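Each remark here refers to the structure printed beneath this line.
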Amino acid sequence: MKKALVLAFIVFFIGPVFLATFARAEQVWINDILANPSRYWNRTVTLVGQAMEVTANPQGTTRGFFRLLDDSGPNPITVKSKELPPIGKTYAVTGVVVQDPANASVPLLNEIKRTAPGMASNTLYILIGAGVVFLFLLIIFIVLLTKPKKSAGPATIRPGPQDTVRPAFRPEAPPAGADMGKTTKIPSAPPSPAYAAPAPDKTQVFMSLGADLIVEKGPDKGKEFPLHKQVMTIGRPGTRKNDVEVTDDTVSKDQASVYYDNTRKLFSIANESATNPTKVNGQLISGPTLLENDALIEMGRTVFRFKKA
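The opening position of the sequence shown corresponds to residue 42 in our numbering, with each subsequent residue numbered one higher.
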């Protein structure tokens with residue numbers, strides 16, 4: 042009976058949780074798919090990145106395509122979706138890698154589901170932990186419930202040394218000649234040691250990628266922004282928390298992003314505003330454009346100088 046109950050709980054409770062863990066799609070990098078698409082044709086994968094350009098197809102619906110960019114490089118992948126996401130949000134997108142109908146050599150991700158990154162995994166781990174603890178407690182309960190009880194006879198009480206009757210307390214008489222009117226002071230307990238001050242917080246290490254954006258023209262002239270992340274967003278204050286934040290009202294809240302290719306040690310920039318253009322050395326850009334040392338980046342009334350260390 043006990044073994045049957047334990048086996049039933051393993052099969053029906055813990056089993057599905059572990060199967061769900063191993064059945065999750067493999068997480069890969071976008072750069073790996075773009076570099077070797079034939080390896081991923083018709084495979085279900087998970088990509089974690091930021092939603093960029095969104096195009097409704099047909100117009101006026103929530104269906105269409107969006108571009109997804111992760112930290113593996115400056116090139117995004119196109120995702121076909123039935124529910125288009127907002128621009129600038131980060132998601133874990135699971136889908137099947139298929140060939141783009143317009144170009145068979147270009148990979149396209151056919152979206153199956155989309156969640157916030159880490160949410161599903163954390164929830165799954167919590168369920169696994171809760172299931173293991175529940176099963177462990179259940180086994181203990183079943184063992185205690187089925188364990189035969191031993192019949193206990195009448196207990197014999199024997200007096201021991203601790204059961205002897207102690208004489209009643211009698212106060213000692215004061216010594217002869219003692220002054221009964223004098224107050225005797227009881228020494229106070231030594232003060233408790235002071236608590237040690239908590240250790241200061243550790244200093245956060247700032248890692249520079251060896252390049253800066255310097256404002257040469259505009260309301261924020263003179264400001265310098267070190268590039269320290271693989272994706273640095275540029276724009277005015279808004280719903281998106283920008284890494285390079287300017288006060289120029291002719292710059293969009295989601296104006297552009299600078300990307301760092303850790304493999305080739307190169308920087309590139311892409312325009313993300315639908316209303317305000319971005320120029321590099323006087324040329325309008327849209328997709329990722331490489332940045333050379335001393336390049337001028339224009340957006341609105343603001344001009345940045347890209348400077349490598």
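For each residue, glycine too, the CB sits at the ideal point set by N, CA and C.
Computed from a predicted model, the values in this text were never measured in an experiment.
Look up alanine 133 in the DSSP assignment and give the residues it is bridged to. Position 92 of the sequence shown, counted from the start, is the residue given in the question as residue 133. Per DSSP, Val89 and Thr156.
Do you know how far the Cα of phenylalanine 106 is from the Cα of glutamate 25? Residue 25 is absent from the structure shown; the chain starts at 42 and stops at 350.
Could you work out which residue in Thr96, Gly114 and Ser113 is closest to valine 120 when comparing CA atoms only? Taking the sequence shown and counting its residues from 1, the one referred to as residue 120 is at position 79. Nearest C-alpha to valine 120 among Thr96, Gly114 and Ser113: Thr96.
Between the alpha carbons of leucine 307 and asparagine 334, how many angstroms are there, rounded? The residue you call residue 307 lines up with position 266 of the sequence shown. The residue you call residue 334 lines up with position 293 of the sequence shown. The alpha-carbon atoms of leucine 307 and asparagine 334 are separated by roughly 11 Å.
In whole angstroms, what is the alpha-carbon distance linking aspartate 290 and asparagine 312? As a first step, residue 290 must be located in the sequence shown, where it is residue number 249. As a first step, residue 312 must be located in the sequence shown, where it is residue number 271. Approximately 17 Å between the Cα atoms of the pair.
By alpha-carbon positions, which one of Thr316, Ser314 and Gly341 ends up nearest to glycine 323? Along the sequence shown, read from residue 1 onward, the residue named residue 323 stands at position 282. The shortest C-alpha to C-alpha distance from glycine 323 to any of Thr316, Ser314 and Gly341 is the one to Gly341.
Distance between aspartate 253 and arginine 21 (C-alpha atoms, nearest Å): Outside the shown range of the chain, which is 42 to 350, sits residue 21, and nothing can be said about it.
Below 6 Å CB to CB, which residues in the same chain sit around valine 139 once its five sequence neighbours on both sides are set aside? Numbered from 1 along the sequence shown, position 98 holds the residue referred to as residue 139. Excluding residues within five positions, the ones whose Cβ falls inside 6 Å are Leu149 and Asn151.
Nearest to glycine 400 (by Cα), restricted to the options Thr316, Lys270, Pro267 and Asp295: No answer is possible for residue 400: it lies beyond the span of the chain, which begins at 42 and ends at 350.
Which residue or residues does DSSP assign as beta-bridge partners of lysine 327? Start at 1 with the first residue of the sequence shown, and residue 327 comes out as number 286. The residue you asked about is not lysine; residue 327 is serine in the sequence shown. Paired residue(s): none; serine 327 is not in a bridge.
Report the rounded CA-to-CA distance for glycine 90 versus alanine 133, giving the unit in angstroms. Locating residue 90 in the sequence shown gives position 49, where the first residue counts as 1. Locating residue 133 in the sequence shown gives position 92, where the first residue counts as 1. The C-alpha of glycine 90 lies about 7 Å from the C-alpha of alanine 133.
Under the rule that 16 or more other beta-carbon atoms within 10 Å means buried, what is proline 234, buried or exposed? By 1-based counting over the sequence shown, the position of residue 234 is 193. Bear in mind that the predicted position of proline 234 carries a pLDDT of just 49, short of 50, making it unreliable; the figure below should be weighed with that in mind. Looking at its Cβ environment, which holds fewer than 16 other Cβ atoms inside 10 Å, proline 234 is exposed.
Confirm, please, whether the CB-CB distance from threonine 87 to threonine 131 is below 7 Å. If you number the sequence shown from 1, residue 131 lands on position 90. If you number the sequence shown from 1, residue 87 lands on position 46. Judged by beta-carbon spacing, threonine 87 lies beyond the 7 Å limit of threonine 131, meaning their Cβ atoms are not closer than that value.
Would you kindly report the start and end of the unbroken beta strand (DSSP E) that includes alanine 66? In the sequence shown, counting from the first residue as 1, residue 66 sits at position 25. In the DSSP assignment, alanine 66 falls outside any beta strand (DSSP E), carrying neither H nor E.
Whole-angstrom Cβ separation of tyrosine 81 and isoleucine 74, contact assumed at under 8 Å? Position 40 of the sequence shown, counted from the start, is the residue given in the question as residue 81. Position 33 of the sequence shown, counted from the start, is the residue given in the question as residue 74. With a beta-carbon spacing of about 5 Å, tyrosine 81 and isoleucine 74 fall inside the 8 Å limit used to define contacts.
Can you round the beta-carbon distance between proline 329 and tyrosine 300 to whole angstroms, since I take them to be within the 8 Å contact cut? Numbered from 1 along the sequence shown, position 288 holds the residue referred to as residue 329. Numbered from 1 along the sequence shown, position 259 holds the residue referred to as residue 300. The C-beta distance from proline 329 to tyrosine 300 rounds to 6 Å, short enough to fall under 8 Å.
CB contact flag (proline 126, alanine 92, <7 Å): In the sequence shown, counting from the first residue as 1, residue 126 sits at position 85. In the sequence shown, counting from the first residue as 1, residue 92 sits at position 51. Yes, they are a contact pair.
Cα-Cα separation, glycine 85 to valine 147: Within the sequence shown, numbered from 1, the residue matching residue 85 stands at position 44. Within the sequence shown, numbered from 1, the residue matching residue 147 stands at position 106. The sequence shown places threonine at residue 85, not glycine. One C-alpha to the other measures close to 16 Å.
How should leucine 186 be labelled, buried or exposed, when 16 other C-beta atoms within 10 angstroms of its C-beta is the threshold for buried? Looking up residue 186 in the sequence shown gives position 145. Classification for leucine 186: exposed.
Short of 8 Å in beta carbon distance, which residues of its chain neighbour methionine 155, apart from the five on each side in sequence? Order them along the chain. Position 114 of the sequence shown, counting from 1, holds the residue named residue 155. Residue identity check: residue 155 is arginine in the sequence provided, not methionine. Correct list, in chain order: Ser122, Glu124, Pro126, Tyr132, Ala133, Val134 and Thr135.
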